[in-house]
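Following this note's numbering, the numbering of the sequence shown begins with 59 at its first residue and continues without gaps.
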Amino acid sequence: MIYLFKGRREMQEFMTIVLPKNIELLISRGEFNKAIKIIKNILLSRKDLNPMEKKRLTYEIDRLIRIRYDHPYSFDEALNILRKEIPNISENEFKKLMEERCIDYKIIEGEERFYRRFIANLFFLCPKYIEKSVKAKERIRKRKEYRKKLVETLNKIILSGEGYRNSRIHKVKMTIKVKPNSVPEGEIIRCWIPFPRKCLLQPEWKLISAYPSEYFLAPEDYLQRTIYFEQESRGSKPTIFEIEYEYKVQSYYRKISADVIQEYDENSRVFKENVLEKPPHISFTPYLTRLAWSIVGNERNPYIKAMKIFKWIIKNIRYAYAYDYSTYLNISEYVARNKRGDCGMQGLLFITLCRIVGVPARWQSGWYANPESYGMHDWTQFYVEPYGWLYADPSFANSLTKTMGEIGMFYFGNIDYYRLIFNNDISVQFTPEKKYFRSDMIDSQRGELEWNEENLYYDKWDYEMKIELKV
């Protein structure tokens with residue numbers, strides 16, 4: 059085994075260890091069962107493995123199981139599912155879409171297995187097929203209507219003036235239900251639910267209720283903030299965790315003059331902490347280093363460097379739903395090489411490329427909290443003097459720029475008031491720490507659970523999020 063990186067101890071530092079070649083080869087062929095068998099034998103027989111090596115091998119078993127879970131459909135099942143959307147699609151056309159990488163699948167144990175969201179990605183990657191969908195007209199109408207309203211909101215924010223403005227209060231209720239018989243009755247279930255962290259965009263919060271009534275709330279500036287519970291499993295009945303809270307959120311808009319951008323104080327904490335690698339997903343690989351410098355060229359102005367990187371991403375990266383983040387070995391490089399990725403993947407690429415060229419950048423995530431249409435979302439921030447931290451949401455800009463024109467560039471530097479922020483970094487240990495691997499090793503948006511024997515993956519529980527505008 060080879061260590062690729064030495065530095066600060068991080069939650070995913072063990073992922074910098076390369077697997078033995080024979081295991082890598084089996085995995086690349088989709089021979090997961092053989093790979094898992096060899097890994098288990100190594101873990102049992104090798105007494106010289108250090109804790110990091112053991113963790114890497116143990117995690118690989120988990121990772122392969124998660125890849126299988128993400129690809130539940132056989133060829134026939136996938137084709138039949140697609141025919142409910144596009145009734146006249148032939149088997150040959152389906153195979154052609156597979157060849158063109160418009161249909162997501164993997165070879166696992168010699169069989170083609172299809173990604174659970176392959177239809178949505180087909181429409182993202184090959185948009186001409188949207189028109190062939192029997193369900194598409196209403197979907198397209200709603201999307202156009204939503205984008206029109208969003209543009210109206212952005213123009214309103216611009217007209218309202220500079221700085222943090224347009225404050226509003228959202229009320230949120232989040233419920234997690236552990237499925238019956240997932241954990242033996244009476245065993246303690248540990249649950250972490252994401253909770254709003256205090257920051258300039260989101261300056262106030264208030265917890266209204268919590269079930270169970272005893273909990274531990276992480277400090278309000280914690281980088282991945284959660285509220286923690288313990289509760290006995292109800293066995294054959296659902297075990298429920300629930301919180302309700304309010305928070306204040308604002309928009310941010312600033313006219314930036316590139317002429318007044320100053321050089322960084324490279325000894326400052328903000329610079330030192332936000333230009334570092336954070337492997338495996340923020341890694342200065344040779345490929346990404348060449349790409350970053352090819353984008354910015356000889357440019358010296360940090361703001362313009364960040365803008366060039368941002369524009370390159372929205373021009374070259376297509377939006378597509380991601381597999382489980384925990385199954386990727388290096389997200390930013392995957393996005394750069396495959397020219398596709400969801401909001402967080404585009405954000406990680408932006409952060410990595412900015413850091414390579416010396417522009418401090420960091421993660422921000424939680425939910426897009428528009429009461430009319432909300433869901434999990436990731437975006438970023440970058441730092442320039444004298445303005446401080448600015449916002450960058452490449453996936454929103456990507457979508458708007460392609461459909462509504464230059465208004466999409468609002469999301470370079472600015473942000474709307476539809477945000478709910480839980481996180482300002484990736485892969486941060488919770489407080490208290492989890493015993494087992496997290497279901498999401500990078501982000502924290504819907505919760506994490508475990509009991510004494512194992513992590514509870516997404517198939518063992520459901521969640522519901524309700525967001526409404528209070529004021």
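For every residue, glycine included, the Cβ atom is placed at its ideal position computed from N, Cα and C.
Just so we're clear, the structure is a prediction, and the values are computed from it rather than from any experiment.
{"Check": "For the beta strand (DSSP E) containing L448, list its first residue and its last residue.", "Outcome": "446–450"}
{"Check": "If you compare alpha carbons, which of N481, G88, E335 is closest to M434?", "Outcome": "N481"}
{"Check": "Between the C-alpha atoms of P109 and Q70, what's the straight-line distance to the nearest angstrom?", "Outcome": "13 Å"}
{"Check": "Pull up the DSSP beta-bridge partners for K336, would you.", "Outcome": "I340"}
{"Check": "What three-state label does DSSP hand K330 in the structure shown?", "Outcome": "helix"}
{"Check": "Looking at the strands, I want to know which residues DSSP matches up with G399.", "Outcome": "Y377"}
{"Check": "I'd like to check one pair, S497 with Y515: are the Cβ atoms closer than 7 Å?", "Outcome": "yes"}
{"Check": "Looking only at C-alpha atoms, which of S390, P185, N80 sits nearest to S341?", "Outcome": "S390"}
{"Check": "So the candidates are D317, D382, G402; which of them puts its Cα closest to the Cα of P8?", "Outcome": "Here the chain has residues from 59 to 529 only, and residue 8 is not among them."}
{"Check": "Over what stretch of residues does the beta strand (DSSP E) that includes R420 continue unbroken?", "Outcome": "419–428"}
{"Check": "Within its chain, find whatever has a CB closer than 7 Å to the CB of R66; leave out the 5 residues flanking it on each side and keep chain order.", "Outcome": "The pLDDT assigned to R66 is 36, lower than 50, so where the model puts this residue is not dependable; a value taken from the coordinates is nonetheless given after this. Closer than 7 Å at Cβ, skipping near neighbours: no residue."}
{"Check": "In the DSSP output, which residue or residues are listed as bridge partners for D520?", "Outcome": "K235"}
{"Check": "Measuring CB to CB, does P238 end up less than 7 Å from S309?", "Outcome": "no"}
{"Check": "Specify the secondary structure class of M462 as computed by DSSP and reduced to three states.", "Outcome": "helix"}
{"Check": "Report yes or no: do the stretch 375–384 and the stretch 425–433 share at least 3 C-beta pairs separated by less than 8 Å?", "Outcome": "no"}
{"Check": "Going by DSSP in three states, M434 sits in which element: helix, strand or coil?", "Outcome": "strand"}
{"Check": "Can you tell which of A394, E357, L387 has its C-alpha closest to the C-alpha of N374?", "Outcome": "A394"}
{"Check": "For N213, which three-state DSSP category applies?", "Outcome": "helix"}
{"Check": "How would you write the range of the beta strand (DSSP E) that Y310 sits in, first residue to last?", "Outcome": "297–311"}
{"Check": "Could you give the residue range of the alpha helix (DSSP H) that holds S148?", "Outcome": "From DSSP, S148 is part of no alpha helix (DSSP H); its letter is neither H nor E."}
{"Check": "What did DSSP end up calling L275 once you bin it into helix, strand or coil?", "Outcome": "strand"}
{"Check": "One question on the structure: do K528 and I198 come within less than 7 Å of each other, judged by their Cβ atoms?", "Outcome": "no"}
{"Check": "Since S502 contacts T284 with CB under 8 Å, what's their CB separation in whole angstroms?", "Outcome": "7 Å"}
{"Check": "Specify the secondary structure class of F470 as computed by DSSP and reduced to three states.", "Outcome": "strand"}
{"Check": "State the Cα-Cα distance for the pair E36 and P78, rounded to the nearest angstrom.", "Outcome": "Nothing about residue 36 can be reported from this structure: the residues present for the chain run from 59 to 529 only."}
{"Check": "Taking the alpha-carbon of S271 as reference, which of P252, F299, Y280 has the nearest alpha-carbon?", "Outcome": "F299"}
{"Check": "Could you give the C-beta distance for K492 and E511, rounded to a whole number, given that I count them as a contact under 8 Å?", "Outcome": "With 8 Å as the limit, K492 and E511 do not qualify as a contact, their Cβ atoms being about 13 Å apart."}
{"Check": "Within this structure, are the beta carbons of R175 and P130 separated by less than 7 Å?", "Outcome": "no"}
{"Check": "Short check: CB of S457 to CB of C401, under 7 Å?", "Outcome": "no"}
{"Check": "Spell out a yes or no on whether the stretch 350–359 and the stretch 90–110 are touching, meaning 3 or more CB-CB pairs, one atom from each, closer than 8 Å.", "Outcome": "no"}
{"Check": "Which residue wins for smallest C-alpha separation from A378, given the options V230, S485, F470, N179?", "Outcome": "N179"}
{"Check": "Does the Cβ of G168 have 16 or more other Cβ atoms within 10 Å, making it buried, or fewer, making it exposed?", "Outcome": "exposed"}
{"Check": "So, helix, strand or coil for V318, using DSSP?", "Outcome": "helix"}
{"Check": "Give the straight-line distance between the Cα atoms of L62 and T74, rounded to the nearest whole angstrom.", "Outcome": "Confidence in L62 is poor, its pLDDT being 33 and thus under 50, which makes the residue's placement too unreliable to answer from."}
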